[in-house]
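Peer 1: Those letters in the sequence shown? Residues 238 to 305, per my numbering, in order.
My questions will all concern the structure given below.
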Amino acid sequence: MRIYTCAFCGRPIPPGTGIMYVRADGTVLRFCRRRCFVSMIKYNRDPRKLTWVREVTKKKAGSAKAQK
């Protein structure tokens, strides 16, 4: 089973969960939750400017450093 990452915040998406969105040009975007989906598709927000996304990426970067 493959674990995908969220197109908006970068969190891992466990199998059987999340939202898959296919654009008209065939691009597949996967989201971990509705909050990410609405922020990107409906409101066109930049994930780098949102504090809750930066917190997730900090934790993700911190755990990657600990593994090395």
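Where is the CB? At the ideal position from N, CA and C, for every residue including glycine.
Once the 5 residues before and after I240 are set aside, which same chain residues still bring their CB inside 8 Å of it?
Peer 2: Along the sequence shown, one-based indexing puts residue 240 at 3. Cβ neighbours of I240 beyond the five flanking positions: P249, I250, P251 and P252.
Peer 1: Indicate the three-state DSSP secondary structure (helix, strand or coil) for R291 in the structure shown.
Peer 2: Position 54 of the sequence shown, counting from 1, holds the residue named residue 291. Helix at R291.
Peer 1: Going by C-alpha to C-alpha distance, which of M277, K279, G255 and M238 sits closest to C269?
Peer 2: Reading the sequence shown from its first residue, position 32 is the one you call residue 269. Per the Cα distances, G255.
Peer 1: Have a look at K286, R260 and E292 and flag the residue whose alpha-carbon is nearest the alpha-carbon of I188.
Peer 2: This structure does not reach residue 188, given that the chain is present from 238 up to 305, and the question cannot be answered.
Peer 1: Assuming R267 and C243 are in contact, meaning their beta carbons sit under 8 Å apart, how far apart are those beta carbons, in whole angstroms?
Peer 2: As a working note, residue 267 is residue 30 in the sequence shown. As a working note, residue 243 is residue 6 in the sequence shown. About 7 Å separates the two Cβ atoms, so the contact holds.
Peer 1: Using the three-state DSSP reduction, which class does F245 fall into: helix, strand or coil?
Peer 2: Position 8 of the sequence shown, counted from the start, is the residue given in the question as residue 245. F245 falls in the coil class under three-state DSSP.
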